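**Q** Got a structure for you, questions after.
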Amino acid sequence: ENIKIAFIDPLSGPFASTGTNGLHQFEFAADHMVNEQGGVLGGTEFEIVAFDNKISPKESLIQLQVAIDQGIRYIAQGNSSGVANALTEAIDKHNRRNPDSRVLFLNYAAVDPALTNDKCNFWHFRFDANADIKMDALTDVMAADEALKKVYIIGQDYSFGKAVAAAAVSNLSTKRSDVEIVGNELHPIGKVKDFTPYSRKIIASGADAVITGNWGADMVGLGKSLIESGYNGPIYTYYAAGSGITAALGESAKGRIRLIAQGDINPIGSDEARAAYNAFEAKHPDGNIDQSRIFNVIGMLAQAIEGAGTADDVVAVAKQLEGMEYDSMWGGKLFMRPQDHQIIQNMNVGVHTDENIEFDYDNSGFGVLTESTVEMASMDSPTTCEMKRP
Amino acid sequence: MIEVTDMHAYYGKSHILQGVTLNVQEGEIVALLGRNGVGRSTTCKAIMGEVEPKGSVKFRGTEIAGRKAYEIANMGIGYVPENRDIFPGLTTRQNLNLGLKPGQKDGAGRWSMQMMFDMFENLDRRADVEASVLSGGEQQMLTMCRTLMGDPDFVMIDEPTEGLSPQMVQKVAEVLKEIAARGISTLLVEQKLSIAMDIAHRVYVMGHGQVVFEGTPAELKEREDVRKEWLEV
Amino acid sequence: MSAAALELRGLKKSFGKAEIIRGIDLSIGKSERHAIIGPNGAGKSTLFNLITARFMPTAGTVKLHGQDLRGLQPYQINRMGLSRSFQITNIFPAMSVFENVRCALLWSQGYKYSFWNLVNNSRRLTEGADAILDQINLLERRNLPAGTLSYAEQRALEIGITIAGGADVIMLDEPTAGMSHSETDYITDLIMKVTEGKTLIMVEHDMGVVFGLADQISVLVYGEIIATGKPEDVRGDPKVQEAYLGAALEAEH
Amino acid sequence: MSDQLTTDPSKPAQRMRAGSMTLTLMPWIVAAIALILMPFIFTSNSALTIMNQMWITVIFALAYNMLLGQGGMLSFGHAVYAGVGGFACMHIMNMSDLFASFPLPVLPIFGGLFGMGLAMIVGAFSTRNAGTVFAMISLGVGELIAACSVIIVAFFGGEEGISGDRTYAMPFFGNEFLQQIDVYYLTSFWVILAAALMYLWSRTPVGRMANAVRDNPERAEFLGYSARWVRFYSFVASGFFAGIAGGLFAINYEILTEENLNTASSGVILLVTFLGGVGFFFGPIIGAIVFTLVQTVLSLQTELWAFYAGSLFVATVMFFPGGLAGLLMMHVPVFKLGNAKQLIQPYFKTLLPAAIGILGVCALVEMTFHYRHASIGDDEMTLFWTTFDSHTLLPWVIAGLVAFVGISIAKRNAPDLKEAWDSANTAGDAS
Amino acid sequence: MELILVNIIDGLVTGLLLFMLSAGLTLIFSMMGVLNFAHASFYMLGAYFAYQISIALGFWMGLLIAPIIVGVLGAGVERYGLRRVHQYGHVPELIFTFGLALLIEELVQFIWGKNQMPYNVPDVLNFTAFSIAGNSIPAFKIFMIFISIAIFIGLLYILTRTRVGMIIQAALSYPRTVEALGHNVPLIFMGVFGVGTALAGVAGVIAGPVLGTFPGMAFVLGSIVFVTIVIGGLGSLWGALVASLLIGWITTFAKSYNLAMSDVLNAIGIATPENLSEHWLRDLWTVTSPQIADILPYILMVLILIFRPAGLFGKRHS
Ligand SMILES: Nc1ncnc2c1ncn2[C@@H]1O[C@H](COP(=O)(O)OP(=O)(O)OP(=O)(O)O)[C@@H](O)[C@H]1O
Ligand SMILES: Nc1ncnc2c1ncn2[C@@H]1O[C@H](COP(=O)(O)OP(=O)(O)OP(=O)(O)O)[C@@H](O)[C@H]1O
Ligand SMILES: CC(C)C[C@H](N)C(=O)O
Ligand SMILES: [Mg+2]
Ligand SMILES: [Mg+2]
């Protein structure tokens, strides 16, 4: 019997592209890192079971229930903190009400800080740096730019976008109180047809830099329109890579887009990682590894299951994950902080360029080149999490 | 001109026409009589192709059963429906204009818009108002004129005098004669016996979805039994 | 003169520049059967529409049982006991013939907008509707959708709906148009019967019906009433002869 | 333009059959027993969740059909009434004192009241007209309220929505509704109650007049009824039942989000209702069941579920304009004539090959999809419990053959079916 | 001040793009009564086809050929789908187009996948036409303006100089009668639907490079095109134009200026309540114009429908 991981993310609808790309990375990582290495617990393989939640909280809850019924004990999800908030709460309730069929929530991308603060629970593990950690690292780079005078913050109107904006404001005010925030606004997620008016406003405000957490179509739209409208400063982003975004921005954004992420792609973190990436490319010529943390999820889960000696007792597995230290093939050490189940790792700031790129995105020749690294970012950052353990 | 042989027609499962046979000759006015609901209107619709006919309908020797309504119309058959079907949103003039066949110019045929206005002074007065607000009688006139605009060689007119004032009824009778005078054949469905008997060359009486009597008005006058049984007069 | 059932004073109606009703004064007494005749386009239906608030008058007043109808909606007027039929058939085509009539009974039987009564449970409704259907000879067609009736049957249903509510002022716009002679006779009798003791206002081009039914006749020509009176008087009036009846009268009788 | 978008009752798709609904208790008792027995057949929690979802959709779709089928009003924003009802219930759940003072099964009533309240406000101006004007106002108001959900965070909770915990209600005979099965029976109780009430509503004077106003608002006015008020009452009642559905949603999922309000949800309920058939009271029930199955069960099987759903809708409107209910009801005369037996064999001979052929086509579609989009080296695919290599010829030949043969047999036998159908519909020749 | 000028141009571009879509829709909706929910899907097809053609034959051939293909597809949809459904009434038609929209989106994903296509502005037009205070106006936008105006003039000619409009309007109420007068109604319906969808195709070809060519592009446009033609008044080409521009400008300006509700309320003399964060209306006080920019057209539509149900330029209504 395989160890099944339910992948609950959008596979249809407007956000399908991000979800599908994530699924491919999960499937590949499970095969490459576990199954082809002989499995865990002496031969048990990982199996990724895909569930399409159409990015709807309601659908996610139905799929969660279905997954649990199929005997699945591990739930992976990442697209949209909105869904993650619904899932973590549902899982908490489910585990309380049904001690016999408890599940773990492996959050690989939903980075709303609340998930590891006020809304934290024992079942939720986040394998991505949260919005605060990322912003901390990003603003370190920005603060170093002497010429920076005016910053414009723009983001999607939901928990994640709000978290990014709040973090940007607080970080900038402590690190560079001389920098003026000339704009701070949210736009509806996934609904803006044309970003031109926003770009005009940004240009008119005289901003030297733009900060945005936008992802998916919202990132492409904003990026393209800013550049087309004549903005020529840097854009500091969270998710401006892969899933067609790199190709769409292309030459025009060269050296202008800066991106905060974990894991080293260019230059690659290790030969092991290079081999993995090449194998992935061979399998998905049109795909990218733009969420290398997915490999960390698989690797750490495998390690935890081995450690617990069982995959069925999720409490035991969770106990293993808590405080786990893990060497990532993408470079650096990972540490799952036990207080809040937030992973701590090196954060990289990279630039969108076509120089020195070994692994490009979207076959466009462009990719993200690491420019600076913050080691074990926010290791000691505070958390309001009051973890209740079973 | 038109030759209908053993025509059947259905609405869903109900068998309305059960073998109608009739013909209209060149330049003839033929009246189709019968009680309410025997299927006179359905006969017209079936000839026109609005209701699917089974059997044979020949127009000038060509089989037209099964053709599309607009093809039949373009062959020279006109139909004035009983429930008027005025096009709302269009003016009287535009309604008349739509009577013209594709590509046909006003005045090119036997009739012109001006003649219509001359004939029915009511329409002239209301030429440019939205036709759906016309009075009942005016709508009746308009429907007839609209069909004539297309210059048909054979027209089927379903109850043209319904809702018309006595004076207008006379007027319509004259128009019908005028139509015949211009060499157009007419199949007239009419409730007012007096008129039908007056202007028709021949009459058919329908009952139970079939033709039950055929003859001249004079012959019908003599057949008390037919009138009793099928016309209830 | 007893209080009139319906009283029109200085009624006018224009559509844009066209003045269709040009000042009508008319009073129709209780239990009177009053026919309005006139050439096509004279404004008869418009007059009906003014009375029943389908149109707003440009000027003048309409009084029903002495009460001014200004500003009232059609449904309010109906509730005051006035019911009308339409020249161009106006029924509920998708509902069964029976339901058409039953709907016409609902308000008059006091059901209003209630949602605590079930219509099927009321014998009075069912029997009432069936009685009407019987009168208009449509009992056999009871369960057919009204839209599939033949033209004349729909006309009959139109009358059935109008008389169903038992209004005391009934207005019929060309009730017999499109009917054969025998049906016309039948409907004439029916109208005679159901309007017993009620006020009837009727537009009709069939002179047989008009003279058979009416106590009073008004002749409307170009928006004005040129004559009102007893049938005999109107028939003899040369003005009427010229404007409307013409030779037709002779042909008819 | 006002009369363009009412359901046109003279068209077969919309005809609400007069007299086709008799006041017998039988169907209700059967339904209730079925509801009680279901969990014994489908025991898993996910089945319960799906069934809960179904019953909620059933109530919502029936409420929607009070407008569309019975009242001829096409709404593009009906989700907001369910949604607002649900949000209100969510807030009540979070008011611990109030919530602890009554048992959970009562909660949907509050949802209904809030849905109704909103419907009264909106209905005050939107029911003046039917047709396009009504439809477009409903669209505008729907968009407006959906947009408010991210703006008025205090009530709608922004993009994340509002969540709560149903177990804090006063225990209901000791039950705290911890398990899905408890919620299932609560929902089942409500679905029967709400459906019965809505059914009865359609038999009341206002319910009947709603039909009349749909057919011919003007004539209804001349019968003493104000078309506007009749529409208003239907609208408000529909809002009430939609709110009940929203309340049940709140209980079942314990979360409400923008998604409960947006136009996509409003569109879905329109599709669901139509799929089932607007002309029959029970139409929306079938629609809700079928659609929920497609959406949750089929989407587990294939990524292309939306493609099949779209095909289902298109095929339904093209070939069965009366919806699935219309399709069923077509057979009533056959049964009445006692000729149903005559149909079994022709059906078997035509529909079975047709179904197999369609499955063959689906297989081809799936294989094409797999061939195009599966990652390189990932040639294996599993379809109908068989695993094979999509890059070899054999499976294509098999699927193609199945599709071709199935459909040609069906085509060949179709005339026989038609004949049998006609004869089964003709009285008297049952030998 | 300069920003105003820039916004006027941007709004014009947005509005005219909307117009290209609503022109086709108003043609179909007002003439055939079909609330074509798949209209935006044809727009999407236009963009995808143009992208595919532009790879092989360049942008200009795409501009020429893609709308024709879309139009032919549209005509096919009318011929083999809608025509059948038409007899059942308007709501089934609407459901049909709903289903169609779903199918087209799935089909597009089936063929082209889920990612955004690299469909870009052609090189000849890929330059900055001029700049206003640091804001560049791309030449492509100027090109869009010209195309839309050309379409407007062409349509106006067809509608006012031919009988097609009249025939279709008549056929809406009594198709049988119109046919009995000798008009080939089915052919005309098919033609109108084809032309309407082809127009949507043109809009797609032109908007694709600017707004992105991805499977959700139809959904994003959603119902705004309906709002446009309803505000303008059904059947009025002028109305569609005016409403499109109005919406283009309103949304552009609302997004470009951060006007807060509190400013507005303060300006009309309502003071901001103390401790706003506690206030139950706090969300209303903090609303800003970009937040509500996209729902302004809906608000406008509801208001117009309440007070003038026929729309701005609509001809008739009781
Ligand atoms: N669309 C329809 N569906 C079903 N039955 C219909 C339909 N149209 C007409 N019928 C039926 O067909 C029969 C014949 O109708 P038709 O209209 O031909 O009668 P008619 O002789 O013209 O009578 P009338 O004097 O009333 O116009 C009637 O019994 C009518 O009920
Ligand atoms: N809404 C309107 N707008 C403009 N003109 C109208 C309107 N309604 C009616 N008319 C015109 O007013 C005149 C009177 O119409 P009305 O329907 O009252 O005539 P009528 O006396 O009932 O005639 P008939 O005997 O033919 O039914 C007609 O010429 C008609 O065209
Ligand atoms: C997949 C990610 C882009 C999701 C996003 N970080 C969120 O928290 O919502
Ligand atoms: Mg007839
Ligand atoms: Mg009249």
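Residue numbers (this note's numbering), protein chains in the order written: chain A, -2 to 387; chain B, 432 to 664; chain C, 14 to 266; chain D, 26 to 456; chain E, 316 to 633. Just so it is clear, CB atoms sit at the ideal spot from N, CA and C, and this is done for glycine as well. Just so it is clear, the structure is predicted and the values come from calculations on it, not from any experiment.
Inspect the beta-carbon positions of TYR635(B) and LEU527(B) and report whether they are closer than 8 Å.
**A** Translated into the one-based positions of the second sequence, residue 635(B) becomes position 204. Translated into the one-based positions of the second sequence, residue 527(B) becomes position 96. No, they are not a contact pair.
**Q** What are the start and end residues of the alpha helix (DSSP H) that includes GLU552(B)?
**A** Within the second sequence, numbered from 1, the residue matching residue 552(B) stands at position 121. Run containing GLU552(B): 552 to 556, per the alpha helix (DSSP H) assignment.
**Q** Roughly how many angstroms lie between the CA atoms of ARG93(A) and PHE260(D), to the nearest whole one?
**A** To locate residue 93(A), count along the first sequence from 1; it is residue 96. To locate residue 260(D), count along the fourth sequence from 1; it is residue 235. Spanning the two alpha carbons is a distance of roughly 41 Å.
**Q** Between GLN525(B) and ligand 7, is the CB less than 7 Å from at least one heavy atom?
**A** Ligands displayed in this structure: ligand 1, ligand 2, ligand 3, ligand 4 and ligand 5; ligand 7 is not among them.
**Q** So within the stretch 477 to 565 of chain B, which uninterrupted alpha helix (DSSP H) runs reach at least 4 residues, ignoring any that extend past its ends?
**A** 500 to 505, 523 to 530, 544 to 550 and 552 to 556
**Q** Using a C-beta cutoff of 8 Å, does ALA173(C) count as contacting chain D?
**A** Looking up residue 173(C) in the third sequence gives position 160. Checking the displayed sequence, the identity of residue 173(C) turns out to be Gly instead of Ala. So no, GLY173(C) is outside the interface.
**Q** Work out the CA separation of LYS366(D) and GLY232(D) for me, nearest whole Å.
**A** For the purposes of this step, residue 232(D) is identified with residue 207 of the fourth sequence, where counting begins at 1. For the purposes of this step, residue 366(D) is identified with residue 341 of the fourth sequence, where counting begins at 1. If you take the alpha carbons of GLY232(D) and LYS366(D), they lie about 37 Å apart.
**Q** Got a sec: is the Cβ-Cβ distance from TYR501(B) to anything in chain C below 8 Å?
**A** By 1-based counting over the second sequence, the position of residue 501(B) is 70. Not closer than 8 Å to any Cβ of chain C, the Cβ of TYR501(B) fails to qualify, so no.
**Q** Assuming contact is defined by CB atoms lying nearer than 8 Å, are GLY220(A) and LEU256(A) in contact in what I supplied?
**A** The residue labelled residue 220(A) in the question sits at position 223 within the first sequence. The residue labelled residue 256(A) in the question sits at position 259 within the first sequence. No, these two residues do not count as a Cβ contact at 8 Å.
**Q** Per the DSSP calculation, LEU19(C) is bridged to which residue(s)?
**A** One-based indexing of the third sequence puts residue 19(C) at position 6. For LEU19(C), which the question treats as bridged, DSSP gives the partners ILE41(C) and LEU77(C).
**Q** Apart from the five residues on each side of it in sequence, which residues of its chain come closer than 7 Å, Cβ to Cβ, to ILE503(E)?
**A** In the fifth sequence, counting from the first residue as 1, residue 503(E) sits at position 188. Closer than 7 Å at Cβ, skipping near neighbours: VAL479, ILE482 and ILE483.
**Q** Taking 8 Å as the threshold (beta carbon to beta carbon), is TYR489(E) in contact with chain D?
**A** Mapped onto the fifth sequence, residue 489(E) falls at position 174. For TYR489(E), the answer is no, since every Cβ of chain D falls outside 8 Å of its Cβ.
**Q** In chain order, what residues of the same chain have a beta carbon less than 8 Å from the beta carbon of VAL385(E), not counting five sequence neighbours either side?
**A** For the purposes of this step, residue 385(E) is identified with residue 70 of the fifth sequence, where counting begins at 1. Result list for VAL385(E): PHE357, LEU360, GLY361, PHE364, THR512, ALA513, ALA515, GLY516 and GLY519, in chain order.
**Q** Determine the extent of the beta strand (DSSP E) in which GLU322(A) is found, giving its start and end residues.
**A** Here the question's residue 322(A) lines up with position 325 in the first sequence. Element bounds for GLU322(A): 322 to 324.
**Q** Thinking C-alpha only, which one of ALA31(C), ASN103(C) and SER58(C) is nearest PHE247(D)?
**A** Counting from one through the fourth sequence, the residue named residue 247(D) turns up at place 222. The shortest C-alpha separation from PHE247(D) is found at ASN103(C).
**Q** Starting from the beta carbon of ASP207(D), find every residue of chain A whose beta carbon is closer than 8 Å, and list them in chain order.
**A** Here residue 207(D) refers to the residue found at position 182 when the fourth sequence is read from its first residue. None at all; the shortest Cβ gap to chain A is about 10 Å.
**Q** Where does PRO591(B) sit, in a helix, a strand or coil, going by DSSP?
**A** The residue labelled residue 591(B) in the question sits at position 160 within the second sequence. If DSSP states are grouped into helix, strand and coil, PRO591(B) belongs with coil.
**Q** Excluding the 5 residues flanking LEU63(C) on each side, which residues of the same chain have their C-beta closer than 7 Å to its C-beta?
**A** Taking the first residue of the third sequence as 1, we reach residue 63(C) at position 50. LEU24, LYS26, ILE34, PRO70 and VAL75.
**Q** Look up MET333(A) in the DSSP assignment and say whether it is helix, strand or coil.
**A** On the first sequence, residue 333(A) is found 336 positions in, with the first residue counted as 1. It is a strand residue.
**Q** Alpha carbon to alpha carbon, how far is PHE292(A) from ASN104(A)? Give it in angstroms, no decimals.
**A** Locating residue 104(A) in the first sequence gives position 107, counting from the first residue. Locating residue 292(A) in the first sequence gives position 295, counting from the first residue. Taking the straight line joining both Cα atoms gives about 13 Å.
**Q** Quick one: measure Cβ to Cβ for ILE478(B) and MET587(B), integer angstroms, because I've assumed they're closer than 8 Å.
**A** Here residue 478(B) corresponds to residue number 47 of the second sequence, with the count starting at 1. Here residue 587(B) corresponds to residue number 156 of the second sequence, with the count starting at 1. Their Cβ separation, rounded to whole angstroms, is 7 Å, which keeps ILE478(B) and MET587(B) in contact under 8 Å.
**Q** Mind checking if SER356(E) is an interface residue toward chain A, Cβ cutoff 8 Å exclusive?
**A** The count along the fifth sequence starts at 1 and reaches residue 356(E) at position 41. Not closer than 8 Å to any Cβ of chain A, the Cβ of SER356(E) fails to qualify, so no.
**Q** For the stretch 149 to 165 of chain A, which residues have a beta carbon sitting closer than 7 Å to at least one beta carbon of chain D?
**A** ASP154, TYR155 and SER156
**Q** How about ASN514(B): is its C-beta nearer than 8 Å to some C-beta of chain C?
**A** Along the second sequence, one-based indexing puts residue 514(B) at 83. It does: the Cβ of ASN514(B) has a partner Cβ on chain C nearer than 8 Å.
**Q** Whole angstroms are fine: how far does the CA of VAL175(D) sit from the CA of ASP154(A)?
**A** On the first sequence, residue 154(A) is found 157 positions in, with the first residue counted as 1. On the fourth sequence, residue 175(D) is found 150 positions in, with the first residue counted as 1. The alpha-carbon atoms of ASP154(A) and VAL175(D) are separated by roughly 8 Å.
**Q** Below 7 Å on C-beta distance, what does PRO591(B) contact in chain E?
**A** Here residue 591(B) refers to the residue found at position 160 of the second sequence. What PRO591(B) touches in chain E: nothing, since even the nearest Cβ is about 15 Å away.
**Q** Would you check whether ligand 3 has a heavy atom nearer than 7 Å to the C-beta of ALA107(A)?
**A** Counting from 1 along the first sequence, the entry for residue 107(A) is found at position 110. For ligand 3, at least one heavy atom lies less than 7 Å from the Cβ of ALA107(A).
**Q** Do GLY236(C) and ligand 5 come close, with the Cβ less than 7 Å from some heavy atom?
**A** As a first step, residue 236(C) is located in the third sequence; it is residue number 223 there, counting from the start. No.
**Q** Can you find a C-beta in chain B that's less than 8 Å from the C-beta of ALA625(E)?
**A** Taking the first residue of the fifth sequence as 1, we reach residue 625(E) at position 310. No, no contact with chain B.
**Q** Under 8 Å Cβ-Cβ, which residues of chain D neighbour ALA83(A)?
**A** Start at 1 with the first residue of the first sequence, and residue 83(A) comes out as number 86. Neighbours of ALA83(A) on chain D, chain order: GLU185, GLY186, SER188, ILE280 and THR282.
**Q** Output yes if chain C places a C-beta closer than 8 Å to the C-beta of MET628(B); else output no.
**A** As a first step, residue 628(B) must be located in the second sequence, where it is residue number 197. Judged by the 8 Å Cβ criterion, MET628(B) is not in contact with chain C.
**Q** How long is the line joining the alpha carbons of GLY29(C) and ALA485(E), rounded to whole angstroms?
**A** Taking the first residue of the third sequence as position 1, residue 29(C) is located at position 16. Taking the first residue of the fifth sequence as position 1, residue 485(E) is located at position 170. In a straight line, the C-alpha of GLY29(C) is about 24 Å away from that of ALA485(E).
**Q** Got a sec? Which residues, its chain only, sit under 6 Å from SER14(A) by beta carbon, not counting five neighbours each side?
**A** Taking the first residue of the first sequence as position 1, residue 14(A) is located at position 17. Excluding positions up to five away in sequence, the list reads SER240.
**Q** Using a Cβ-Cβ cut-off of less than 9 Å, list which residues of the stretch 473 to 497 of chain B approach chain E; keep chain order.
**A** LYS476, MET479, GLY480 and GLU481
**Q** Inspect the beta-carbon positions of GLY152(A) and ALA162(A) and report whether they are closer than 8 Å.
**A** For this step, residue 152(A) is matched to residue 155 along the first sequence. For this step, residue 162(A) is matched to residue 165 along the first sequence. For GLY152(A) and ALA162(A), yes; Cβs fall inside 8 Å.
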